[in-house]
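What follows is a short report on a single structure.
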Amino acid sequence: MASYYAASSPAAPKFNELSGSEVADVCIVGAGYTGLSSALHLAKRGYKVIVLEAETVAFGASGRNGGHVGTGLNMDQDDIESKFGHEIAQSLWNMGLEAVSTVKNLILDYGIDCDLKHGGIHFAHKPGYCKGIEKEIEFLNKRYNFNDMEYIPRNRINEIIGSDSYYGAQWNKASLHLHPLKYALGLAKAAVDAGVTIYEHSRVQGYSGTPVVVKTTNGQVTANELVLACNGYIEDLEPKINGYIMPINNFILATEPLTPELAASLIPKDTAMEDSRFVINYWKLSGDNRLIFGGGENYRRGFPSNIKSFVQHYMLKVYPQLVNTQIDYGWGGTLAITLNRLPHFGRINGNIWHLHGYSGHGVPTATFAGKLVAEAISGKHERFDIMANLPTGKFPGGTLLRWPGMVAGMLYYAMRDRF
Ligand SMILES: Cc1cc2nc3c(=O)[nH]c(=O)nc-3n(C[C@H](O)[C@H](O)[C@H](O)COP(=O)(O)OP(=O)(O)OC[C@H]3O[C@@H](n4cnc5c(N)ncnc54)[C@H](O)[C@@H]3O)c2cc1C
């Protein structure tokens, strides 16, 4: 399953498999944004860090996603405020903005060439949703002094999209978008240059003890701290977090390169786009003017046999004018969601840190998670604790039954979108 990202990135560096025994201050499992950002931020603070990756760097969602870098978490800020009060809500809002600026600063500081662009637009796919997004802009403006969002009503929609599918939109000028795999490879290079050791093809089979001994098939790392950065790919590695996250598969296509005129007619402001559907559609232009369109998901092991036509169905609902446009690539990836769509951070036995469940907001939030865990391991854990104290329930049915119950729920909401 070749992705456009793999085809358009420079050759990724190769790292050895772990064999024998190594010692580190911190061992990190997983080399996506969470693991790489944790590694980089820890190395900058002087820690000796080893990253163990089961496959290759950015094999997971970090090498496959839509590349949208939005502000905030996957819950409306007014809901966050009514659930947790203004003080926590303000901290979370500030951290959401810092997450976006952390991505931008890493790109600038380390010269990561990843097609960085500005702006994200959220579209209402039902007339009844317009009031809500307009009110949210007003709320953020008044309560959080955030002035970077503009409401676009139906009669101006053609200024921002070449489609009649939507009724109103929220244009966030503080959001970013980028080429996700180039960004991940840039983080890996920055981490290695800062002294981090990465091992690929080194799946962690288990760990125990304090200091923790982390075992792969052919080696082991002894470390004071362990960071679990596996998100949707974690499977049963840590039984204590089973049931708090659910892996889901999501799919993307890339069209052939479009003429500059056609590209500009679809996305006049060259922003990232997404809509209000429960199973969201999200799209943007690549550096070479392909439409990168994400749509559709499934909740089982395995991907559809023909991802290109699976996603094309969603794309044509937004842009019927692309019916004769060739689809060059189709691919999928796995992400982790939580029950309330807030991230699930925590600490087990004092020295095992888990950071996951970004619920589709992982590009900024996973990057920021790495900064937070480095801060916490260095002894300054107040901000990590705010995230870790957010209540995240277990999926109904517990570990064993979470699939059937949740799948039924997800399918119900997906169906509701159609009516
Ligand atoms: C199709 C798709 C589109 C998305 N679009 C967006 C978007 O536009 N914007 C956004 O913000 N978010 C998006 N997301 C979510 C985002 O990509 C993720 O939240 C983010 O990449 C998570 O990063 P991570 O490092 O935590 O996990 P991953 O990048 O998934 O990395 C986890 C790594 O852990 C490794 N691993 C697992 N188990 C072991 C083990 N036992 N031993 C060693 N290694 C192990 C895996 O091989 C994997 O490489 C999307 C996700 C998908 C799948």
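Residue 341 in this note's numbering sits at position 341 of the sequence shown; the count goes up by one each step and never skips. Note that beta-carbon positions come from the ideal geometry of N, C-alpha and C, so glycine has one too. As the structure is a computational prediction, the values presented were derived from the model and not from experiment.
Handout entry: Nearest neighbour of Ile252, chosen from Ile112, Gly132, Asn298 and Ser208 [CA to CA]
Key = Asn298
Handout entry: Contact test: Gly242 Cβ vs ligand 1 heavy atom, cutoff 8 Å
Key = First, the residue type needs correcting, since residue 242 is Asn and not Gly in the sequence shown. No; taking the cut-off as 8 Å, the Cβ of Asn242 has no heavy atom of ligand 1 nearer than that.
Practice task
Output the boundary residues of the alpha helix (DSSP H) element that contains Val363.
Solution key: Gly362 to Ile377
Problem - Boundaries (first-last residue) of the beta strand (DSSP E) holding Lys117 - result: Lys117 to Ala124
Exercise for the section: Report the residue from Gly32, Lys371, Tyr144 and Ser378 whose alpha carbon sits nearest the alpha carbon of Gly232. Expected result: Gly32
Practice task
Would you check whether ligand 1 has a heavy atom nearer than 8 Å to the C-beta of Leu237?
Solution key: yes
Exercise for the section: Using DSSP bridges, identify the partner residues of Cys130. Expected result: Per DSSP, none; premise fails for Cys130.
Problem - Of the residues Lys215, His86, Lys240 and Ile80, the one placed nearest Val29, counting alpha carbons only - result: Lys215
Exercise for the section: Hey, could you find the ends of the alpha helix (DSSP H) Glu98 is sitting in? Expected result: Start and end: Gln77 to Asp109.
Problem - Straight-line gap, Ser421 to Leu372 (C-alpha atoms, nearest Å) - result: The structure shown does not extend to residue 421, since the chain is modelled only from 1 through 419, so no value can be given for it.
Handout entry: Cβ-based burial, Asn218 [other Cβ within 10 Å; buried from 16]
Key = When all chains shown are included, Asn218 counts as exposed.
Practice task
Report yes if the CB atom of Gly67 is closer than 9 Å to the CB atom of Ile292, and no otherwise.
Solution key: yes
Exercise for the section: For Glu382, count neighbouring Cβ atoms within 10 angstroms of its own Cβ and tell me buried if that reaches 16, exposed if not. Expected result: Glu382 counts as exposed, since fewer than 16 other beta carbons sit within 10 angstroms of its beta carbon.
Practice task
Using a threshold of 9 Å, state whether the C-beta atoms of His344 and Cys230 are closer than that.
Solution key: no
Practice task
Can you grab the Cα-Cα spacing for the pair Asn94 / Val100, in whole Å?
Solution key: 10 Å
Practice task
Report yes or no: do three or more beta-carbon pairs, one from the stretch 312-332 and one from the stretch 103-118, lie closer than 8 Å?
Solution key: no
Handout entry: Asp25, enclosing beta strand (DSSP E) - first and last residue
Key = Gly20 to Val29
Practice task
Identify whether Asp193 lies in helix, strand or coil by the three-state DSSP scheme.
Solution key: helix
Practice task
Excluding the 5 residues preceding and the 5 following Glu445 in the sequence, name in chain order all residues of the same chain whose CB lies nearer than 7 Å to its CB.
Solution key: What is shown of the chain runs 1 to 419, which leaves residue 445 out entirely.
Exercise for the section: Measure the C-alpha to C-alpha separation of Pro10 and Ile267 and round it to an integer number of angstroms. Expected result: 27 Å
Exercise for the section: Identify every residue that forms a DSSP beta bridge with Tyr207. Expected result: Val214
Handout entry: Ala7, buried or exposed, once every other Cβ within 10 Å from all chains shown has been counted against 16
Key = Its Cβ having fewer than 16 others within 10 Å, Ala7 is exposed.
Exercise for the section: May I ask whether a heavy atom of ligand 1 can be found less than 8 Å away from the beta carbon of Thr334? Expected result: yes
Practice task
Using 8 Å as the cut-off, classify the Cβ of Tyr5 as near or not near the heavy atoms of ligand 2, replying yes or no.
Solution key: This structure simply doesn't include ligand 2; it includes ligand 1 instead.
Exercise for the section: Determine, using beta-carbon pairs with one atom in the stretch 193-211 and one in the stretch 129-147, whether at least three such pairs fall under 8 Å. Expected result: no
Practice task
Would you mind giving the Cβ-Cβ distance between Gly186 and Ile112, rounded to the nearest angstrom? I have them listed as a contact below 8 Å.
Solution key: That belief holds up - the Cβ atoms of Gly186 and Ile112 are roughly 3 Å apart, short of 8 Å.
Handout entry: Nearest-angstrom Cβ-Cβ length linking Thr34 and Ala366, presumed shorter than 8 Å
Key = 4 Å
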